[in-house]
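Counting in the numbering used here, the sequence shown runs from 6 upward without gaps.
Cβ atoms here follow ideal geometry from the backbone N, Cα and C, with glycine treated the same way.
Let me begin by presenting the structure, written as structure tokens, before commenting on it.
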Amino acid sequence: MHEPTAHEPLRKVMDQPRRRPRTTRPPGGRPPGRQDARRPGARPVRVPPQLPPHPAELFTERLLLMLSGQRPVHWASRHFAGSLYDALIRLAENRPLNDRGRQPVVRGIGHYQPEPGVYEVFARISAGPRLHALAFRLHRGDDHRWLCTAVEMGGRPALTPQDR
């Protein structure tokens, strides 16, 4: 190797352009015929199709968002019967499921089907230190869409370990 003289500038490695080695990979990044980049020859994983959520779960979530003040009542107005919509507006004004910014949590959902196309749903919801009961009735219309026709709500302080 040759030693630089006083008149010859030092050649820094960083100043030289770095050459990339040539690859045989296609522009997409994976070799042809390879299914998974992590495992050569692996077959694609098939995820079974998910069933749509039950109407009881959908409506519980909608009511929870409206009664906690996260969504306005008119956001889901087409899913509630006319007279119920007015009562729901009055109920949502107080934001019964809003506890100083804490998110309400659904603790359990159940339903009963008294006849085909009708569900009576009940849910337990905790909002801060309170436990709330939410009950509502769903009817499936001729257009196969669900319509909520009744809503009731009650609440009490959550049980403490001494009360159990």
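Using the rule of at least 16 other Cβ atoms within 10 Å of the residue's Cβ for burial, across every protein chain shown, is residue i buried or exposed?
i, result
"S73", "buried"
"R142", "buried"
"H59", "exposed"
"A128", "buried"
"L139", "buried"
"R150", "exposed"
In terms of residues, what are the limits of the alpha helix (DSSP H) holding residue i?
i, result
"S88", "G87 to E98"
"L56", "Careful: L56 lies outside any alpha helix (DSSP H) and carries neither H nor E."
"A61", "P60 to L72"
According to DSSP, which residues form a beta bridge with residue i?
i, result
"R145", "W151"
"V2", "What the structure shows of the chain is the stretch from 6 to 169, and residue 2 is not part of that stretch, so it cannot be assessed."
Residues in the same chain with beta-carbon distance under 6 angstroms from residue i, minus the five sequence neighbours each way, listed in chain order, please.
i, result
"V123", "H144"
"G133", "D104 and R107"
"V78", "M71, L93, I94 and A97"
"A81", "R67"
"M158", "L139"
"V50", "none"
I want to see whether chain D comes within less than 9 angstroms of residue i, judged by CB atoms only; does it?
i, result
"E125", "Chain labels in this structure do not include chain D; a single protein chain is all it has."
Under 7 angstroms Cβ to Cβ from residue i, same chain only, skipping five residues before and after it: list those, please.
i, result
"L89", "C153, T154, A155 and V156"
"P119", "E125"
"L102", "L69, L72, S73, P109, I130, A132 and H137"
"E62", "I114"
"P146", "Rather than Pro, the amino acid found at residue 146 in this sequence is Gly. The residues are L152."
"P57", "none"
Please go through the same chain and pick out, in chain order, the residues whose beta-carbon is closer than 8 angstroms to the beta-carbon of residue i, but skip the five residues on each side of it.
i, result
"R100", "L72, S73 and G74"
Subject >> Continuous beta strand (DSSP E) assignments of at least 3 residues falling wholly in the stretch 106-143 >> reply: 110-120 and 123-132
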